[in-house]
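Q: Quick note on numbering: the sequence shown equals residues 1 to 615 in UniProt numbering. Quick one: the structure is below, questions incoming.
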Amino acid sequence: MGCWYSRIEKEETVTRCKGRKRYMKQLVNARQALSASHAMYLRSLRGTGSALLQFSTNETSLHKQHYNYRPTTPPPPPPRPVPFSPCSDTWTSSTMASPLPPPPPPPPPSSSNWDFWDPFVPAASPLSATEEEYWEEDVEAEALMSDAAMNRSECVTAPPSSSVVSGSTELAIVPRNRKDLGEIAKEVDDYFLKAADAGAELSAILEVSSRGFSTDTKGVNKAYNYGCTLNPTSWTWGVTPRMNTHRVRVGEVDAGAGAAINDSHHCTVERLYAWEKKLFMEVKNCETYKKEHEKKVGQLRRMEARRADYLKTAKTRKEVEKLESQMLVSSQAIETISAEIIKVRETVLYPQLLDLVKGMMCMWRSMYESHQVQTHIVQQLKYINIMPSSEPTSEIHRQATLQLELQVQQWLQSFSSLVKAQQDYVQSLTGWLRLSLFQFSTSPLSRTTQESGIYSLCEEWQQAVERIPDKVASEGIKSFLAVVHAIVVQQSDEHKQKKKAESSFKEYEKKAAELRSLESKYGPFSMRESFGKDPVGEKRVKVEMLRTKAEEEKTKHEKSVSVTRAMTLNNLQMGFPHVFQAMVGFSSVCMQAFESVYNDAKHISQEREVKRILP
């Protein structure tokens, strides 16, 4: 019996259906992993921004900032790019620049950080080279902030204003002072939040807020939170060939699987997996019936040739007829299931995949804009002037630094998980579609499947995912993690040195107290005892040595504090731009890749529609 079923499993049709079922099972798991990793990545962006803000606030409190900068004659703001066209069917990243007129010169110095400029006040002295560079980057960052909010897809939010228009006179608002570390971190955090918010539409498609689903002991899916109930065991097949002998319940309505146009993506892949399991079972049964039929037909021919007993011959003939009937029913079942799979694939899955690609395109477009603004914001770190600080790192600040390190680690981990989950998802999907090219009938519906746009969509999608340079972005996050870890190590060394200094001081205080006790007993200068010992003098020497050691440890601690403060700013100045530049590059490639996939898919769909309409 084992050899019999082993031969059945090796049949080409059975092997292909088994592969289709395996790929679809992988797709179900990959969709869940993609949903979870997507949610985790968005949480890591928010967490990193929040931890960075808390860390920077604590660090800023340890410094005394001084600003001597006040712009006088600002250069014109950078060209403002034309916003994208998110509402059209075809998306593009191309931009056109149109220069804006320069704002008028500033008024005399004011005590506030922000001022309206009077266009009739004459200009003061020109900027120095460093101040002009700072002002250019500050204006460019403000312009990017505004452009990022003009370029939102589907839902447009009001951009942060950098100017106020009153009548025919435009008064520019510009920062009077350089920003401190805390202010820079606050802006960076704002755009971490914007980047995380950019994934909201994709979150809805992937249903990341769902609590998942449960399975019973047999692995049959139970009720879902999305209103779809799948139970393949309830699908029955009649004893006579019928085309509509199977039903699937969607919510409260019985309908064929292809009728559930409004299903969630989660329900769609689960339904396809259920159909693939049923298809595999029917194909295996059909092959079993064929093998048994061939065996019984040969047996019947031999019985008829040797004129065997009539009753035995009639019994064998009935068995052959029964197998033929079972083969016919099974073939009809295979035909029906195949048609339903094609219907779900073309009318439900394909539009959902287009929405998925579009959601990824929009998300990475917004993330590209946010990371681009962050890159310009952190460039202002090099203009921070910090007076020497001797404030030690507090325990609260140490904990904030450790939290920042943890959040950056989670950012790196979730980024890697997201990239892998997307690769697994599209590979499983493409593998299933490739095997689905093989059909079990020659009906018109089956013959047109090779012309379906879903194949070209997924093939191009997989190629695009494989070309995305995720290692560059991963290394960028790793480099920033190394920067934060170095700060953690230095703070730990400072803390250890503080403990050593405190311990030395306590030891010194203890011995000094003992010295005072001896001096009160013997006086400040005692006579040598008979054995030549001078207890007060010897104790005084030891106390003096301890005092010297305590002062040395204190000096080391103060030096360690200075090193920590200087190293923290230096590391941020070096590490911040690199990580955001890496993320800008990655998100830009992702945006362009998904734009290309989506535009090509829409173009193919339009061509097919034209062919369908034209005679």
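Here a beta-carbon is modelled for each residue, glycine too, at the ideal position from N, C-alpha and C. Here the structure is a predicted model, which is why all the values come from computation and not from measurement.
I'd like the span of the alpha helix (DSSP H) that includes Pro351, first residue to last.
A: In the DSSP annotation of this structure, the continuous segment of the alpha helix (DSSP H) that includes Pro351 starts and ends at 350-378.
Q: Is Asp118 buried or exposed, if buried means 16 or more other CB atoms sit within 10 Å of its CB?
A: At Asp118 the pLDDT is 31, less than 50, meaning the model places this residue with poor confidence; the figure from the coordinates comes in the next sentence. Asp118 is exposed by the Cβ-count criterion.
Q: Taking the alpha-carbon of His495 as reference, which of Thr393, Tyr522, Asp424, Glu519 has the nearest alpha-carbon?
A: Thr393
Q: Whole angstroms is fine: what's the gap from Ala185's alpha carbon to Asp424's?
A: 35 Å
Q: Label Glu553 either buried or exposed according to how many other C-beta atoms from any shown protein chain fall within 10 Å of its C-beta, with 16 as the threshold for buried.
A: buried
Q: Check this for me: beta carbons of Leu437 and Ile477, under 8 Å apart or not?
A: At least 8 Å separates the beta-carbon of Leu437 from that of Ile477.
Q: Assuming Lys21 and Phe280 make a contact with CB atoms under 8 Å, what is their CB distance in whole Å?
A: 5 Å
Q: Taking the alpha carbon of residue 616 as the point to measure from, which residue in Lys18, Met545, Gly49, Leu546 has its own alpha carbon closest?
A: With the chain covering 1 to 615 only, the question about residue 616 has no answer from this structure.
Q: Would you check if there are 3 or more beta carbon pairs closer than 8 Å linking the region 41-57 to the region 187-200?
A: yes
Q: Compute the Euclidean distance between the alpha carbons of Phe84 and Glu607, then round it to the nearest angstrom.
A: Low confidence applies here, because Phe84 scores a pLDDT of 36, under 50, leaving its location unreliable; read the following figure in that light. Phe84 and Glu607: Cα-Cα distance of roughly 25 Å.
Q: Within 10 angstroms of the Cβ of Val597, are there 16 or more other Cβ atoms? Answer buried if so, exposed if not.
A: buried
Q: Buried or exposed, going by whether 16 or more other CB atoms sit within 10 Å of the CB of Pro160?
A: Confidence at Pro160 is low in this model, with a pLDDT of 41, below 50, so its placement is unreliable and no value can be given for it.
Q: Of the choices Asp190, Phe505, Leu272, Ser503, whose alpha-carbon is the least far from that of Ser338?
A: Comparing Cα positions, the closest option is Leu272.
Q: Among Leu27, Leu404, His38, Ala601, which one has its Cα closest to the Cα of Asp355?
A: Ala601
Q: Measuring CA to CA, which of Ser428, Val483, Pro469 is closest to Glu459?
A: Nearest neighbour of Glu459 by Cα position, chosen from Ser428, Val483, Pro469, turns out to be Ser428.
Q: Curious, which full-length alpha helix (DSSP H) runs of at least 4 residues does the region 479-547 contain?
A: none
Q: Residues in the same chain with beta-carbon distance under 8 Å from Glu11, minus the five sequence neighbours each way, listed in chain order, please.
A: Glu287
Q: Would you identify the three-state DSSP class for Ala601, choosing helix, strand or coil?
A: helix
Q: In three-state DSSP terms, what is Leu437?
A: coil
Q: Starting from the C-beta of Arg46, find all residues in its chain whose C-beta is less than 7 Å away, skip the five residues before and the five after it, and write them out in chain order.
A: Counting only Cβ-Cβ distances below 7 Å, and skipping sequence neighbours, we find Phe192, Leu193, Ala196.
Q: Throw me the rounded Cβ distance for the Glu304 and Leu323 pair, which I believe falls under 8 Å.
A: Contact annotation, Glu304 with Leu323: C-beta distance approximately 17 Å; criterion of less than 8 Å not satisfied.
Q: Leaving out five residues on either side along the sequence, give the residues of the same chain with a beta carbon under 8 Å from the beta carbon of Ile396.
A: These residues qualify, in order along the chain: Asn58.
Q: Going by alpha carbons, who is nearest to Val536 out of Lys556, His557, Ala513?
A: Ala513
Q: Tell me the DSSP secondary structure of Ala195 in three-state form.
A: Three-state DSSP puts Ala195 in a helix.
Q: For Lys18 and Arg434, I'd like the C-alpha separation in whole angstroms.
A: 13 Å
Q: Can you tell which of Ser330, Lys179, Trp432 has its C-alpha closest to the C-alpha of Lys25?
A: For Lys25, the closest C-alpha among the options Ser330, Lys179, Trp432 is that of Trp432.
Q: Just the Cα atoms here: how many angstroms apart are Glu507 and Lys556?
A: Cα-Cα distance, rounded: 17 Å.
Q: If His578 and Phe480 are in contact, beta carbons under 8 Å, what's the gap, nearest whole angstrom?
A: 7 Å
Q: Comparing C-alpha positions only, which one of Gln592, Gln32, Ser37 sits nearest to Tyr368?
A: Gln592
Q: Which word fits Thr548, buried or exposed, when buried means at least 16 other C-beta atoms lie within 10 angstroms of its C-beta?
A: exposed
Q: Please look up how many angstroms separate the CB atoms of Lys382 and Gln573, rounded, as I've assumed it's under 8 Å.
A: Your pair Lys382 and Gln573 checks out as a contact, with CB atoms roughly 6 Å apart and the cut at 8 Å.
Q: Tell me which residues share the same chain as Gln326 and place their Cβ nearer than 7 Å to its Cβ, disregarding the 5 neighbours each side in the sequence.
A: Tyr289
Q: Excluding the 5 residues preceding and the 5 following Arg365 in the sequence, name in chain order all residues of the same chain whose CB lies nearer than 6 Å to its CB.
A: In its chain, beyond the 5 residues on either side, Met591 have a beta carbon closer than 6 Å to the beta carbon of Arg365.
Q: Between which residues of its own chain and Tyr350 is the CB-CB distance below 6 Å, once the five residues before and five after are set aside?
A: Ile454
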